[in-house]
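Asker: Just add 205 to wherever you are in the sequence shown, counting from 1, and you've got my numbering.
If you scroll down you'll find the structure; I have some questions about it.
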Amino acid sequence: MTMEQDTREFWEGHYRRRERIWSGKVNPVFAGIVEPLAPGRALDLGCGEGADAVWLARHGWQVDAVDVSATALERAAGHAGETGTADRIAFHQVDLVEEFPEGRFDLVSAQFLQSPLEFPRAGVLRRAFAALNPGGLLLVVDHAAGPPWSEHAHEMEFPTPQSTLAELGLAEDEVLVERAETVERAATGPAGEHGHLLDGVLVLRRR
Ligand SMILES: C[S@@+](CC[C@H](N)C(=O)[O-])C[C@H]1O[C@@H](n2cnc3c(N)ncnc32)[C@H](O)[C@@H]1O
């Protein structure tokens, strides 16, 4: 089996095993950063079931949203239809290991673009930064720790905003680092557990 098939099948399995998990809610960290921006053209990498893409479209953005999972994209397109945002979102099935969407963007968003499979994330994020218009933002939000209700939380490894920034290897004169920090937010686990999640937040502006 090729790496491309592996990736597709893994994420297809991930979505097919569950009913759609759509809540319509976006991470408040994401909303807080994007809400003040003037809308333009956005690219959502690993859009999953489309909550962020729909939120962006509702806030006036023209969105390209990509994911490797056909099931996730079908659900995302369904949500876009239900919310009257379908005309502002183009969904594409793309394996980011193999290809990167065409175009120039004012915002490229990578929300929890993390995979247990072999995934050349730094290369993908470098291409994401290169796809920004001057003045555009790359927004990377990652799980910075396992959820407290997971028994495997302590065995997992996570990128930090600083390690992601270092991997990108950007020159000082091409980037303004607006935020590189870890933030905490309250969340509820699958069995109703209350706890806090840690998100790594990296906001880079292309000069
Ligand atoms: C942890 S989920 C995050 C989904 C969504 N961004 C969110 O915030 O809920 C990671 C997403 O990245 C997608 N993904 C993983 N590897 C990918 C790849 N190589 N190319 C495109 N999408 C990929 C998965 O299908 C999944 O939807």
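Where a beta carbon is used, it is the ideal one built from N, C-alpha and C, also for glycine.
Cβ of A281 within 7 Å of Cβ of G255?
Answerer: yes
Asker: Comparing C-alpha positions only, which one of G286, I238, T387 and E217 sits nearest to G253?
Answerer: E217
Asker: As a quick exercise: from L322, F235, E362 and F363, pick the residue whose alpha carbon is nearest that of L312.
Answerer: F235
Asker: Could you give the residue range of the beta strand (DSSP E) that holds T387?
Answerer: V380 to T393
Asker: With respect to 6 Å, is the separation between the Cβ of G253 and the closest non-hydrogen atom of ligand 1 below this value?
Answerer: yes
Asker: One question on the structure: do P306 and V345 come within less than 7 Å of each other, judged by their Cβ atoms?
Answerer: Taking 7 Å as the cut-off, the beta carbon of P306 is found no closer than this to the beta carbon of V345.
Asker: For a test of the three-state rule: what should DSSP assign to P233, helix, strand or coil?
Answerer: helix
Asker: If you draw a straight line from the C-alpha of P352 to the C-alpha of T387, how long is it?
Answerer: 14 Å
Asker: Does ligand 1 have a heavy atom nearer than 6 Å to the CB of V259?
Answerer: no
Asker: Can you tell me whether DSSP reads Q267 as helix, strand or coil?
Answerer: strand
Asker: Which parts of the region 292 to 335 are runs of the beta strand (DSSP E), unbroken and 3 residues or longer, counting only runs that do not cross its ends?
Answerer: 294 to 298 and 310 to 316
Asker: What number of angstroms, rounded off, separates the C-alpha of L337 from the C-alpha of R246?
Answerer: 10 Å
Asker: With a threshold of 16 other CB atoms inside 10 Å of the CB of T393, please say whether the residue is buried or exposed.
Answerer: exposed
Asker: Along the chain, where does the alpha helix (DSSP H) that runs through H284 open and close?
Answerer: A275 to E287
Asker: Ignore the nearest five residues each way along the sequence and tell me which others in G405's own chain have a CB closer than 6 Å to its CB.
Answerer: D347, A349, T365, P366 and T387
Asker: Do you know offhand how far E279's Cα is from Q298's?
Answerer: CA-to-CA, the gap between E279 and Q298 works out to about 10 Å.
Asker: In angstroms with no decimal places, state the Cα-to-Cα distance between V259 and V231.
Answerer: 10 Å
Asker: Does A315 come within less than 7 Å of chain D when only Cβ atoms are used?
Answerer: No chain D is present in this structure, which holds just one protein chain.
Asker: Could you give the DSSP three-state label for L370: helix, strand or coil?
Answerer: It is helical.
Asker: For A243, does the three-state DSSP call read helix, strand or coil?
Answerer: coil
Asker: List the endpoints of the continuous beta strand (DSSP E) containing R410.
Answerer: Residues H399 to R411.
Asker: Name the DSSP beta bridge partners of L359, please?
Answerer: A small fix is needed here, since residue 359 is His in this sequence, not Leu. Per DSSP, none; premise fails for H359.
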